[in-house]
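First comes the structure, then the notes that go with it.
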Amino acid sequence: MKLGAIDIGSNAARMQISLVLHDGDKVSFKQVEYIRFPLQLGKDVFHSGVIGPQREANLTKFIHACKLLFELHEVDQFRLCATSAMREAENGPDIVKRIQEKLNMRIQVITGNQEAELVNNVVVRELDAATYVHIDVGGGSTELNVYVNQKKIAARSFKIGSVRLLEEPKKAAGQWKSIKEWLEEELTGLSDPVYAVGTGGNISKIYEMAKLYQFTQQSLSGMISREDIETIHDFVKRHSVEDRINKLRLNPDRADVIVPAAEIYLYVMQCANADLIKVPEIGLIDGIIQGLYEKVKKVRV
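Converting from the sequence shown to the working numbering requires adding 40 to each position, the first position being numbered 1.
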């Protein structure tokens, strides 16, 4: 069985096709196709409240290309999900309708809680019995979850993200305070130490840079320290966006958002008193694939 997923985020859109593998009772997913494109819908939405015609055209082209790849790979089932930028865009429902009428591809605009749940379903497999704060930083929102002994005990979505911080930084003041208060309430009385687990393209890039520049030995074991994230943040921030692209070889859509994203991870870790963060190579699109498989399995039973 082949499954397809499209994640339409506030900064980038991703498409993944995975082959479902069975080894006895164990099920796993092998990625056979992956595309990431910097649509940057949030740059329109968080500035003007609407998705502009050029970005809508690019989104339509992206989905059309993905549809053709789904057909070429003979994908059995697929699902399209859009997150913060699409759900906040005034013209989001109209765009979803136009794309469905033109391409016969239905986009599901999911809530922050639904987004968190999809990511959680794959993150929980990476955890042990310790206390974890899961931090998922997107372009428009940040989802936080608290786990104890591999069980989620609290979750909340905050309207702060890497693109949103660039477009409307003054509106973030209340969100910083809300994050701090929420974490203090949810972590009170829990056992120490608290660890973090991070998902999202920016923490993956920060982890990759930590290994590249050999800032830390922790990065070799799938963990990176808060201190080393601060080092990466300061190192990148000293460079202009142009130098981040040409000298540090960051993609243009990553070069501007990686600094505010790092600031969100650092702030949450500081509030949670977490010195280390685990960085599994998983995200929302993996959660969409897994959720789609579970739905198909139920139908076939």
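Note that CB positions come from ideal geometry on N, CA and C, so glycine has one too.
Just so we're clear, the structure is a prediction, and the values are computed from it rather than from any experiment.
(message) So, with DSSP's three-state summary, where would you put TYR253?
(response) Counting from 1 along the sequence shown, the entry for residue 253 is found at position 213. Reduced to three states, the DSSP call for TYR253 is coil.
(message) Measuring only the C-alpha atoms, how far is LEU43 from LEU108?
(response) In the sequence shown, residue 43 corresponds to position 3, counting from 1. In the sequence shown, residue 108 corresponds to position 68, counting from 1. Going by the C-alpha atoms only, they are around 14 Å apart.
(message) Taking the straight line between their C-alpha atoms, what separation do you get for VAL85 and ASP176?
(response) Position 45 of the sequence shown holds residue 85. Position 136 of the sequence shown holds residue 176. Using only the alpha carbons, I get a separation of about 20 Å.
(request) Would you mind stating whether ALA250 and HIS273 have Cβ atoms separated by less than 8 Å? (result) Position 210 of the sequence shown, counting from 1, holds the residue named residue 250. Position 233 of the sequence shown, counting from 1, holds the residue named residue 273. No.
(message) Which residue wins for smallest C-alpha separation from VAL164, given the options VAL319, LEU332, ASP65 and LYS335?
(response) Numbered from 1 along the sequence shown, position 124 holds the residue referred to as residue 164. With distances taken between Cα atoms, VAL164 lies closest to VAL319.
(request) Measure the C-alpha to C-alpha separation of VAL341 and VAL60 and round it to an integer number of angstroms. (result) Position 301 of the sequence shown holds residue 341. Position 20 of the sequence shown holds residue 60. Here VAL341 scores only 46 on pLDDT, less than 50, and its place in the model is too uncertain to base an answer on.
(request) Take the Cβ of PRO209 as the centre, count every other Cβ of all protein chains shown within 10 Å, and call the residue buried at 16 or more, exposed below. (result) Counted from its first residue, the sequence shown places residue 209 at position 169. So PRO209 ends up on the exposed side.
(request) Could you give the DSSP three-state label for ILE147: helix, strand or coil? (result) Within the sequence shown, numbered from 1, the residue matching residue 147 stands at position 107. ILE147: strand per DSSP, three-state reduction.
(request) Would you check if the region 305–314 and the region 144–157 touch, i.e. whether three or more CB-CB distances between them fall below 8 Å? (result) no
(message) Beta-carbon within less than 7 Å of LEU230's beta-carbon, same chain only, minus the 5 sequence neighbours each way: which residues are those?
(response) As a first step, residue 230 must be located in the sequence shown, where it is residue number 190. Excluding positions up to five away in sequence, the list reads THR171 and VAL188.
(message) Please return the same chain residues whose Cβ sits closer than 7 Å to the Cβ of ASP116, not counting the five positions on each side in sequence.
(response) In the sequence shown, counting from the first residue as 1, residue 116 sits at position 76. For ASP116, where only same-chain residues beyond five positions count, the Cβ hits under 7 Å are MET41, LYS42 and LEU43.
(message) Looking at the secondary structure, which residues open and close the alpha helix (DSSP H) in which ARG204 lies?
(response) Looking up residue 204 in the sequence shown gives position 164. Residues 202–207.
(request) For the alpha helix (DSSP H) containing LEU288, list its first residue and its last residue. (result) Position 248 of the sequence shown holds residue 288. No alpha helix (DSSP H) contains LEU288, which DSSP labels as neither H nor E.
(request) Please confirm whether VAL162 and GLY49 have their CB atoms less than 8 Å apart. (result) Your numbering for residue 162 matches position 122 in the sequence shown. Your numbering for residue 49 matches position 9 in the sequence shown. For VAL162 and GLY49, no; Cβs fall outside 8 Å.
(request) Using a threshold of 8 Å, state whether the C-beta atoms of MET126 and LEU81 are closer than that. (result) Here residue 126 corresponds to residue number 86 of the sequence shown, with the count starting at 1. Here residue 81 corresponds to residue number 41 of the sequence shown, with the count starting at 1. Yes, the Cβ-Cβ distance between MET126 and LEU81 is below 8 Å.
(message) Which complete beta strand (DSSP E) runs does the region 96–159 hold, if anything under 3 residues is left out?
(response) 117–122 and 147–149
(message) Which of the three DSSP states is assigned to VAL279 in this structure?
(response) Taking the first residue of the sequence shown as position 1, residue 279 is located at position 239. Reading off the sequence, residue 279 comes out as His, not Val. Correct three-state label for HIS279: coil.
(message) For GLU270, tell me which candidate among GLY214, ILE304, GLY132 and LEU79 has the shortest Cα-Cα distance.
(response) Your numbering for residue 270 matches position 230 in the sequence shown. Closest by alpha carbon: ILE304.
(request) With DSSP as the reference, please indicate the residues paired to ARG54 in a beta bridge. (result) As a first step, residue 54 is located in the sequence shown; it is residue number 14 there, counting from the start. DSSP, once it has assigned bridges, lists ASP47 and ARG76 as partnering ARG54.
(message) For a test of the three-state rule: what should DSSP assign to MET263, helix, strand or coil?
(response) Position 223 of the sequence shown, counted from the first residue, corresponds to residue 263. Looking at MET263 - three-state DSSP - the assignment turns out to be strand.
(message) I need the DSSP call for ALA295, collapsed to helix, strand or coil.
(response) On the sequence shown, position 255 is the one that residue 295 refers to. It is helical.
(request) Can you grab the Cα-Cα spacing for the pair TRP216 / ASN286, in whole Å? (result) On the sequence shown, residue 216 is found 176 positions in, with the first residue counted as 1. On the sequence shown, residue 286 is found 246 positions in, with the first residue counted as 1. Going by the C-alpha atoms only, they are around 32 Å apart.
(message) Within 10 Å of its beta-carbon, does GLY178 have 16 or more other beta-carbons around it, so buried, or fewer, so exposed?
(response) Here residue 178 refers to the residue found at position 138 of the sequence shown. When all chains shown are included, GLY178 counts as buried.
(request) Output the boundary residues of the beta strand (DSSP E) element that contains VAL188. (result) As a working note, residue 188 is residue 148 in the sequence shown. Element bounds for VAL188: 182–188.
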